[in-house]
Amino acid sequence: MDLLARRQLNKGYADTLARGFEFAAVPVVFGGIGWLIDRSLGTSPLFTIGLVVFGFVGMFVKLWLGYDAAMKREEDGAVWNRSRAKVSATNMPTTGEAP
């Protein structure tokens with residue numbers, strides 16, 4: 014395995030590990046904040062549950078948008094996304110030339 018491929022593989026592992034920790038930590042932190050608010054206001058599980066759900070939904074939206082942006086970047090240079098004008102202009106003979 015060459016150095017570039019190994020570097021990309023390690024970057025993929027690191028990005029995935031970071032996303033996993035983030036996906037686990039954000040709802041826990043929001044739940045802790047909700048628990049503190051509930052404790053100070055006397056509203057038992059209301060803010061805890063609400064902020065945990067908010068954390069999960071926020072992480073889902075963040076992952077969705079990140080995945081969508083990554084796929085758009087990946088597909089930008091793909092053959093099926095090139096415009097027909099660019100392809101046909103390079104493949105068509107000019108006037109006066111035999112096909």
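Positions in the sequence shown are counted from 1; adding 13 to them yields my numbering. Backbone N, C-alpha and C define an ideal beta-carbon position, used for all residues, glycine too.
How is the alpha helix (DSSP H) around residue i delimited, first residue to last?
i	result
Gly44	16 to 54
Val65	59 to 88
Candidates the options: which alpha carbon is nearest residue i's?
i	options	result
Ala2	Leu76, Phe69, Asp89, Met84	What is shown of the chain runs 14 to 112, which leaves residue 2 out entirely.
Ile46	Leu78, Leu59, Glu88, Leu17	Leu59
Ile62	Arg20, Val41, Glu87, Ala82	Val41
For the putative contact between residue i and residue j, defined by C-beta atoms under 8 Å, what is the C-beta separation to the nearest angstrom?
i	j	result
Phe36	Met72	5 Å
Leu64	Phe43	4 Å
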